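Enquirer: Take this structure, written in structure tokens, and hold onto it; I'll ask about it next.
There are 2 protein chains.
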Amino acid sequence: MIVEISDLQALDVWRRTVVASVRCDAPDLSARQMSLLLTVYLTPAPHTVRGLAELLKVTKPAITRAVDRLTELGMIRRKVDENDRRSVLLQRTVKGSVFLREYGELIVAAMGGDGEGDATGLPPKY
Amino acid sequence: MIVEISDLQALDVWRRTVVASVRCDAPDLSARQMSLLLTVYLTPAPHTVRGLAELLKVTKPAITRAVDRLTELGMIRRKVDENDRRSVLLQRTVKGSVFLREYGELIVAAMGGDGEGDATGLPPKY
DNA sequence: CTATTTAGTTTCGGTTACGAAACATTTAGT
DNA sequence: ACTAAATGTTTCGTAACCGAAACTAAATAG
Numbered sequence: 035m036i037v038e039i040s041d042l043q044a045l046d047v048w049r050r051t052v053v054a055s056v057r058c059d060a061p062d063l064s065a066r067q068m069s070l071l072l073t074v075y076l077t078p079a080p081h082t083v084r085g086l087a088e089l090l091k092v093t094k095p096a097i098t099r100a101v102d103r104l105t106e107l108g109m110i111r112r113k114v115d116e117n118d119r120r121s122v123l124l125q126r127t128v129k130g131s132v133f134l135r136e137y138g139e140l141i142v143a144a145m146g147g148d149g150e151g152d153a154t155g156l157p158p159k160y
Numbered sequence: 035m036i037v038e039i040s041d042l043q044a045l046d047v048w049r050r051t052v053v054a055s056v057r058c059d060a061p062d063l064s065a066r067q068m069s070l071l072l073t074v075y076l077t078p079a080p081h082t083v084r085g086l087a088e089l090l091k092v093t094k095p096a097i098t099r100a101v102d103r104l105t106e107l108g109m110i111r112r113k114v115d116e117n118d119r120r121s122v123l124l125q126r127t128v129k130g131s132v133f134l135r136e137y138g139e140l141i142v143a144a145m146g147g148d149g150e151g152d153a154t155g156l157p158p159k160y
């Protein structure tokens, strides 16, 4: 029962955050793209296509495409591994750091609201 | 400084949750689709296309398409409003409830998993 | 030196999504 | 009744994305 309430509270923080990010006109990233971006920024390097494909249990082309998209958005960068020139290392960028920092702030704002402020700037109905 | 750490902790919970959902082979929903689904389930009815378009600041066709997709996935349902037959009410389904309940469990697991320590000895807020 | 394995990308056919504009249907105004 | 407004969907042309398989380039084995 308490767990149920906790689940609902957690989901509601999630809702407020995602709604705020959509309203802010942030790029409409898919779960795959977001998981890739967060992994590159928050887990220790090196990050390769193969490693991410295994971590996320998706195909390599799916990773390549997500990297393509995130590169277009300027949130990530490719760099050939000089120790093994077959490998591509995925690296952070300033723009990606800014985006994720702001995203973190959205989450914290959504947590702080807890029933009043909701980071959407709208009345509490939504 | 403390805020920075808090942001990073929040982002890491987010990362663990999204990575887990991708690994679980959950549907690869976009931020828009997820925000729509969460809003229908966690905010008071009625939910209409127009209302959601305004809430999320996206076009009505974008909402129609997201509803199409979520309907195909069985996570949401359309119902004509009998008081104003122009309107379509968006309603919950069992499948959607199950999906979101499991998603909430993923978030809670990501919070408890590791790295939540803040050296205060106090339990995490959620 | 050739064969095999490995890493990542590209191709293929088909699906999903986008905004703008046009659309049908229903309600409200006069 | 006849017009005007509102709601949601469809169409249009375009871009993103999917998994499977073919592919290039680099490293390793025999």
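Protein sequences appear in the order of chains L and W.
Counting from 1 along the first sequence, just add 34 to a position and that's the residue number in this note's numbering.
Counting from 1 along the second sequence, just add 34 to a position and that's the residue number in this note's numbering.
Ideal placement from N, C-alpha and C gives every residue a C-beta, glycine not left out.
Keep in mind it's a predicted model, so treat the numbers as computed, not measured.
Listing by chain order, which chain W residues have their CB less than 7 Å from the CB of L/Leu72?
Expert: Those are Leu45, Trp48, Arg49, Val52, listed as they occur along chain W.
Enquirer: For W/Asp110 and L/Leu45, which I take to be in contact (beta-carbon distance under 8 Å), what is that distance rounded to the nearest angstrom?
Expert: Sequence inspection shows Ile at residue 110 of chain W; the Asp mentioned does not correspond to that position. With a Cβ gap of about 16 Å, W/Ile110 and L/Leu45 do not count as contacting.
Enquirer: Identify the continuous beta strand (DSSP E) that holds L/Ile110 and give its terminal residues.
Expert: Where L/Ile110 is concerned, the enclosing beta strand (DSSP E) stretches over 110 to 114.
Enquirer: May I have the straight-line CA-CA distance separating W/Ser129 from L/Asp118, to the nearest angstrom?
Expert: A small correction: the amino acid at residue 129 of chain W is Lys; Ser does not occupy that position in the sequence shown. Near 46 Å, if we compare the C-alpha coordinates of L/Asp118 and W/Lys129.
Enquirer: How would you write the range of the alpha helix (DSSP H) that W/Leu123 sits in, first residue to last?
Expert: From DSSP, W/Leu123 is part of no alpha helix (DSSP H) but of the beta strand (DSSP E) over 122 to 125.
Enquirer: Roughly how many angstroms separate the alpha carbons of L/Arg135 and W/Ala144, rounded to a whole number?
Expert: Whole-angstrom Cα-Cα distance: 19 Å.
Enquirer: For chain W, find out if any of its Cβ atoms is closer than 9 Å to the Cβ of L/Arg84; answer yes or no.
Expert: No, because no Cβ of chain W sits closer than 9 Å to the Cβ of L/Arg84.
Enquirer: Comparing C-alpha positions only, which one of L/Met68, L/Ser40, L/Asp41, L/Leu42 sits nearest to L/Tyr137?
Expert: Comparing Cα positions, the closest option is L/Met68.
Enquirer: What residue range is occupied by the uninterrupted alpha helix (DSSP H) comprising W/Ala65?
Expert: Segment 65 to 76, the alpha helix (DSSP H) holding W/Ala65.
Enquirer: Mind listing the chain W neighbours of L/Ala79? Cutoff is C-beta to C-beta under 7 Å, in chain order.
Expert: Within chain W, no residue comes near L/Ala79; the closest Cβ sits about 15 Å away, beyond 7 Å.
Enquirer: Return the residue from the list W/Ser121, W/Pro78, W/Lys91, W/Trp48 that minimises the CA-CA distance to L/Val56.
Expert: Minimum Cα distance to L/Val56 is reached at W/Lys91.
Enquirer: Please confirm whether W/Ser64 has its beta-carbon closer than 9 Å to some beta-carbon of chain L.
Expert: Chain L contact via Cβ: present.
Enquirer: Cα separation between W/Pro95 and L/Gly85?
Expert: Between W/Pro95 and L/Gly85, the C-alpha separation is close to 38 Å.
Enquirer: What residues in the region 123 to 151 of chain L have a beta carbon less than 8 Å from any beta carbon of chain W?
Expert: Residues Leu134, Arg135, Tyr137, Gly138, Glu139, Ile141, Val142, Met145.
Enquirer: Between W/Ala60 and chain L, is there a C-beta pair that is closer than 9 Å?
Expert: Judged by the 9 Å Cβ criterion, W/Ala60 is in contact with chain L.
Enquirer: DSSP three-state call for W/Pro95: helix, strand or coil?
Expert: Helix.
Enquirer: For W/Met68, which residues in chain L fall below 7 Å Cβ to Cβ?
Expert: Going along chain L in sequence order, the residues near W/Met68 (Cβ under 7 Å) are Val52.
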